[in-house]
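If you read the protein sequences in the order shown, they are chains E and V. Here the first sequence is numbered in our numbering, starting from 1 and rising by one per residue. Here the second sequence is numbered in our numbering, starting from 608 and rising by one per residue. Just so it is clear, CB atoms sit at the ideal spot from N, CA and C, and this is done for glycine as well. Read through the structure below, which is laid out as structure tokens, and then see the notes.
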Amino acid sequence: MPTSAPPRSDSAAASPAAPAPPAAPASSAAQAAPAVPKTPVVQANAGVDLSPERDLLGRFPAGNITPQEGLDQPTWIVRREVLADLARELRDGPTRYDLLMDVCGVDFPDRAERFDAVYHLYSMPRNARLRLKVPVAESDPVLPSLVPVWKAANWEEREAFDMFGLRFTGHPNLRRLLCHEGFQGHPLRKDYDAARRWILTEDKIYKPHFDLPEGEDDLFERMTINIGPSHPAMHGTFRLVAVLDGESILASDVEIGYLHRCFEKMCETHNWQQVIPYTDRLNYCSAFINNVAYCRTVERLLGIEAPPKAVWARTILSEFSRIMDHCVCNGTTLVDCGALTNFWYMFQPREEIYGLIESCCGARLTVSYGRIGGLAQDLPPDFMARARRLLEIIPPFVDDVERLVNKNRIWLDRAVGVAAISGEEAVNWGWTGPCLRASGVAWDVRRAWPYDLYDTVDWEVPVLSGGDIHDRYRIRNLEIRQSLKIIRQLLDRGMPEGPFIVADPHVAMPPKEEAYTQMEAMIYHFKLVMDGIQVPEGELYLPTEGANGELGFYALSDGTGKPYRLHVRAPCFPIFSTFSRLIQGGSVSDAVISLGGLNVIAGELER
Amino acid sequence: MTQPLGRTPAPAAAAPPPPPAPPAFARSGGPSAGWPGGWALAGVERHPTELQPYRQGLAERLYLPLLGGLLVTMRHFLRNLFHPGKMYTIQYPEERRDYSHRFRGHHILTTRPDGSVRCVACFLCAQACPAECIHIEAGEHPDVNIEKYPVVYEIDMLRCVFCGYCVDACPEEAIIMSNNYDMAYFNREQTVVGKEDLMKPYTFDEDQLGYRPRYPEEEVARARMRREAFSLVEATRRAAATKENAAQG
Chain E
1 MPTSAPPRSD SAAASPAAPA PPAAPASSAA QAAPAVPKTP VVQANAGVDL SPERDLLGRF
61 PAGNITPQEG LDQPTWIVRR EVLADLAREL RDGPTRYDLL MDVCGVDFPD RAERFDAVYH
121 LYSMPRNARL RLKVPVAESD PVLPSLVPVW KAANWEEREA FDMFGLRFTG HPNLRRLLCH
181 EGFQGHPLRK DYDAARRWIL TEDKIYKPHF DLPEGEDDLF ERMTINIGPS HPAMHGTFRL
241 VAVLDGESIL ASDVEIGYLH RCFEKMCETH NWQQVIPYTD RLNYCSAFIN NVAYCRTVER
301 LLGIEAPPKA VWARTILSEF SRIMDHCVCN GTTLVDCGAL TNFWYMFQPR EEIYGLIESC
361 CGARLTVSYG RIGGLAQDLP PDFMARARRL LEIIPPFVDD VERLVNKNRI WLDRAVGVAA
421 ISGEEAVNWG WTGPCLRASG VAWDVRRAWP YDLYDTVDWE VPVLSGGDIH DRYRIRNLEI
481 RQSLKIIRQL LDRGMPEGPF IVADPHVAMP PKEEAYTQME AMIYHFKLVM DGIQVPEGEL
541 YLPTEGANGE LGFYALSDGT GKPYRLHVRA PCFPIFSTFS RLIQGGSVSD AVISLGGLNV
601 IAGELER
Chain V
608 MTQPLGRTPA PAAAAPPPPP APPAFARSGG PSAGWPGGWA LAGVERHPTE LQPYRQGLAE
668 RLYLPLLGGL LVTMRHFLRN LFHPGKMYTI QYPEERRDYS HRFRGHHILT TRPDGSVRCV
728 ACFLCAQACP AECIHIEAGE HPDVNIEKYP VVYEIDMLRC VFCGYCVDAC PEEAIIMSNN
788 YDMAYFNREQ TVVGKEDLMK PYTFDEDQLG YRPRYPEEEV ARARMRREAF SLVEATRRAA
848 ATKENAAQG
């Protein structure tokens with residue numbers, strides 16, 4: 001976190017020799033207490049100069065914007081009349097909120113203005129976060145669309161419309177996104193029964209929406225083709241409808257929603273602990289990172305911290321999960337252009353890492369290893385040896401793939417310059433993660449808002465400047481090596497002693513031995529299973545660096561033992577919303593490999 | 608209770624030496640070699656609007672690096688040819704991957720020494736299940752000390768997500784998960800597995816108690832501890848029952 005207001009000159013970006021803000025507190029804290037790696041309790045915007053926000057507040061007429069106090073990040077309750085002006089000011093003014101992280105709705109049936117549209121904004125230059133809440137009434141749920149300001153709002157607003165019935169005026173294509181066109185009602189409203197069913201027929205099937213370029217009607221050989229939803233090139237169940245002129249794509253539209261996850265609705269009907277297996281299935285290539293992201297959010301709501309051993313293990317296994325995710329992405333991308341060998345070379349490390357994760361928790365893909373307050377079980381006795389062995393066997397496979405691909409002209413001709421997007425545009429579309437770093441923006445949650453042990457190890461954020469498929473592939477290989485570097489340092493530091501889950505019987509189940517023999521432990525055991533963890537009232541958005549970018553959980557608790565609202569900011573979602581723009585003008589075969597390079601995971605896209 | 612609840616182990620006899628302090632690394636040094644750019648600071652001052660894609664050199668345009676790639680595949684080919692034991696492929700189902708003892712596979716209902724089901728139909732597993740795949744109907748057990756037993760105990764294997772929450776929730780060691788992962792069915796009726804199928808005897812745990820983690824070293828001690836705990840509880844119950852009987856008649 002920057003400790004002072006950033007009147008940062010251009011040299012700051014160019015010279016990393018400037019005192020790096022996150023490094024200073026990290027190393028000093030680590031020297032003070034070397035044995036206990038800290039779980040940083042970082043409040044959003046700590047140390048950020050918020051005077052631009054105060055100036056902006058003063059410029060709007062009184063009563064239009066009301067700051068809400070006592071939350072995890074600055075929150076403004078905004079009247080919808082000023083929302084469009086405010087958004088433009090926030091992006092273009094000195095506040096520089098250039099990234100729209102997330103838009104979601106929240107339903108309060110007992111309130112006069114029933115719905116809140118919640119916007120999460122982030123300023124990359126200032127490392128500041130801001131939340132906007134726009135209350136609207138059920139009779140008139142109309143808001144201005146923010147698509148002219150942030151293109152990322154396109155799909156986010158469609159999702160809010162689909163789930164809550166919020167209507168955004170000025171939206172180019174305000175239609176259902178996740179649900180079928182014939183679906184009635186809005187499923188995330190509180191009065192919508194979770195078990196309700198509809199018979200959906202083909203006559204209301206989604207009609208693609210194209211932004212065809214003007215003045216090209218004289219093309220006589222225009223053809224519309226349909227790829228997916230069940231097509232091997234689509235890496236999941238997506239439907240791509242493309243208007244072709246010969247081989248090149250004039251315009252296209254993407255339809256998602258075939259996976260029927262209902263993640264957020266199901267969370268509202270289960271207790272906090274039961275959500276963990278659901279999170280496994282968000283990004284199933286790196287399930288453990290989702291566990292960690294969710295558990296951190298609930299821990300922060302509870303005001304507890306995981307013990308050092310759990311934090312240490314979480315960091316290591318998250319990095320291993322990231323390696324797996326990148327292996328899958330690179331392997332399958334290369335398969336899409338015919339390089340099958342790399343698929344095998346990339347999947348072997350993944351297989352070995354699964355062996356380690358399975359020895360920890362008993363499952364390979366859907367791990368459910370995180371628990372609120374720590375881990376599900378202790379690490380196996382041979383954890384260190386197995387992890388060290390992995391450090392030795394992973395790099396040769398990556399080396400082999402790089403030798404096969406990196407300077408291979410057949411691949412370069414296919415990938416360089418294809419589906420390219422500049423850093424500025426990618427930020428406007430809401431990109432985060434490796435795809436954004438391939439476009440030249442050196443931003444990573446682990447560095448910008450460090451959590452777990454990331455600020456106590458030495459690692460770098462790789463950046464490339466091509467913004468195309470080739471650089472998205474290369475950046476993942478570079479990140480694999482950085483992850484290995486992080487893991488090696490943590491292993492060298494040694495496994496911290498102590499428990500693997502907090503010793504709070506209101507949060508963590510007592511060990512079975514005690515549950516069998518001690519009455520008090522038995523009672524806690526029953527209470528935890530029957531009622532779940534009692535999370536106090538609160539509201540929190542907590543980001544974590546997932547394998548594809550910022551994975552954020554926005555959790556609202558009303559103290560009843562179940563999440564009142566749990567929204568996932570899935571990193572794939574804004575990235576895939578850009579897909580039509582990325583493939584426009586390219587050929588169909590380019591579209592196929594660019595989908596692979598984005599690493600779109602249907603599980604987190606269609607929550 | 609001398610020790611607070613939770614999984615705090617007894618303190619080790621000799622405190623291990625504190626791990627070395629993490630290096631106070633310097634972040635100076637400029638853009639590191641290997642890629643343009645460098646280290647990201649907390650904030651990103653400006654976003655690049657221009658792209659600099661990768662440029663091919665002369666060797667690449669002449670397809671020369673392909674020879675290096677051919678060497679890689681040839682190395683793998685020769686190694687697999689002359690060391691078939693080092694191949695990564697597993698000839699399933701003849702060969703099987705070796706899983707740990709923690710593997711969460713097909714469920715098992717454990718039994719008492721007399722062969723009856725250990726479950727007391729307390730419904731904790733059904734309550735804990737995030738997939739709502741466990742269906743239990745309780746009945747009255749002839750033994751008053753046990754009170755209840757499941758008349759019907761069904762798990763819908765198509766709904767089950769194998770998260771292990773039922774095992775964690777069970778207060779009686781009545782449900783555990785085995786290493787069996789190859790489940791195949793011919794129709795949907797078969798996927799709802801009943802009590803008899805779940806109680807089929809298994810061979811891997813001699814203690815008939817399968818609390819995870821079943822890691823060899825710790826497991827032996829844990830199993831003994833649990834067995835003692837159980838026999839203690841059992842003895843207390845029997846003593847109480849005898850006393851009650853004596854008082855009544």
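For residue i, which residues does DSSP report across the bridge?
i      : result
E/R569 : E/G552
E/K133 : E/I77 and E/V118
E/A356 : Going by the sequence as given, residue 356 of chain E is Leu instead of Ala. None, per the DSSP bridge assignment.
V/D775 : DSSP lists no partner for V/D775.
E/V241 : E/N226 and E/D253
E/F397 : BP columns for E/F397 are empty, so no partner.
V/M784 : V/H714
E/E545 : E/E550
If I measure Cβ to Cβ from residue i and keep anything under 6 Å in the same chain, skipping five residues before and after, which residues do I get?
i      : result
E/R79  : N64
V/A842 : none
E/A521 : P510, E514 and A515
E/F500 : K309, A310, G374, L375 and D378
E/S321 : S286, F288 and I289
E/M223 : L244
CB-CB under 8 Å to residue i, same chain, minus the five flanking residues each way: which ones, in chain order?
i      : result
V/A854 : none
V/A847 : none
E/L491 : I316, M384, A387, R388 and L391
V/M681 : none
V/A628 : Because V/A628 sits at a pLDDT of 36, beneath the cut-off of 50, its placement in the model cannot be relied upon, and the following sentence gives the value as read from the coordinates. Counting only Cβ-Cβ distances below 8 Å, and skipping sequence neighbours, we find nothing.
E/A251 : F210, D211, L212, P213, A242, V243, S580 and Q584
Could you tell me the boundaries of the beta strand (DSSP E) in which residue i lies?
i      : result
E/Q68  : I65 to Q68
V/I753 : No beta strand (DSSP E) contains V/I753, which DSSP labels as neither H nor E.
E/M101 : L99 to D107
E/L143 : V142 to P144
E/R222 : R222 to I227
E/R167 : R167 to T169
V/A735 : Taken as a continuous stretch (DSSP letters only), V/A735 belongs to no beta strand (DSSP E), being part of the alpha helix (DSSP H) at L731 to A735.
V/E747 : I741 to E747
Considering Cα atoms alone, identify which of the options is closest to residue i.
i      : options                           : result
E/L132 : E/G93, E/L379 and E/A84           : E/A84
E/I256 : E/L50, E/R176, E/L130 and E/V463  : E/R176
E/G47  : E/R126, E/Y345, E/L90 and E/L340  : E/R126
E/C104 : E/P74, E/R158, E/L56 and E/P94    : E/R158
E/C337 : E/F164, E/D413, E/T95 and E/I227  : E/D413
E/L99  : E/A87, E/D107, E/F108 and E/D110  : E/A87
V/R795 : V/L765, V/E779 and V/C773         : V/L765
V/P757 : V/G801, V/Q734, V/A735 and V/M784 : V/G801
E/P74  : E/E352, E/T297, E/V118 and E/I393 : E/V118
Which residue marks the beginning of the alpha helix (DSSP H) containing residue i, and which one marks its end?
i      : result
E/D531 : M519 to D531
E/G331 : P308 to D336
V/P672 : P672 to F689
E/D590 : V588 to L598
E/H470 : I469 to R493
E/P434 : P434 to R437
E/Y294 : A287 to L302
E/Y278 : I276 to D280
E/G603 : A602 to L605
Tell me which residues share the same chain as residue i and place their Cβ nearer than 7 Å to its Cβ, disregarding the 5 neighbours each side in the sequence.
i      : result
V/P720 : none
Meets three-Cβ-pair contact criterion under 8 Å: the segment 356-375 of chain E and the segment 442-456 of chain E: They do not touch, by the three-pair rule.
So, does the segment 365-380 of chain E touch the segment 280-300 of chain E, judging by three or more C-beta pairs under 8 Å? Taking a cut-off of 8 Å on C-beta distances, the segment 365-380 of chain E touches the segment 280-300 of chain E, as three or more cross pairs fall below it.
Determine contact between the segment 152-161 of chain E and the segment 169-180 of chain E, defined as no fewer than three beta-carbon pairs at a distance below 8 Å. Contact between the segment 152-161 of chain E and the segment 169-180 of chain E is present, because at least three Cβ pairs lie under 8 Å.
Should the segment 434-446 of chain E be called in touch with the segment 543-554 of chain E, which here means at least 3 C-beta pairs below 8 Å? Yes: the two stretches touch, three or more of their Cβ pairs being nearer than 8 Å.
Any contact of the segment 241-259 of chain E with the segment 270-279 of chain E, i.e. 3+ C-beta pairs under 8 Å? No, the segment 241-259 of chain E is not in contact with the segment 270-279 of chain E.
Cβ pair count under 8 Å reaching 3, the segment 704-717 of chain V against the segment 768-781 of chain V: Three or more beta-carbon pairs drawn from the segment 704-717 of chain V and the segment 768-781 of chain V are found closer than 8 Å, and the two stretches are therefore classed as touching.
Evaluate contact between the segment 424-439 of chain E and the segment 457-473 of chain E, counting only Cβ atoms and requiring at least three cross-stretch pairs below 8 Å. Contact holds: three or more Cβ-Cβ distances are below 8 Å.
Determine contact between the segment 584-599 of chain E and the segment 325-340 of chain E, defined as no fewer than three beta-carbon pairs at a distance below 8 Å. For the pair of segments examined, the segment 584-599 of chain E was found to touch the segment 325-340 of chain E: the number of CB pairs separated by less than 8 Å reaches three.
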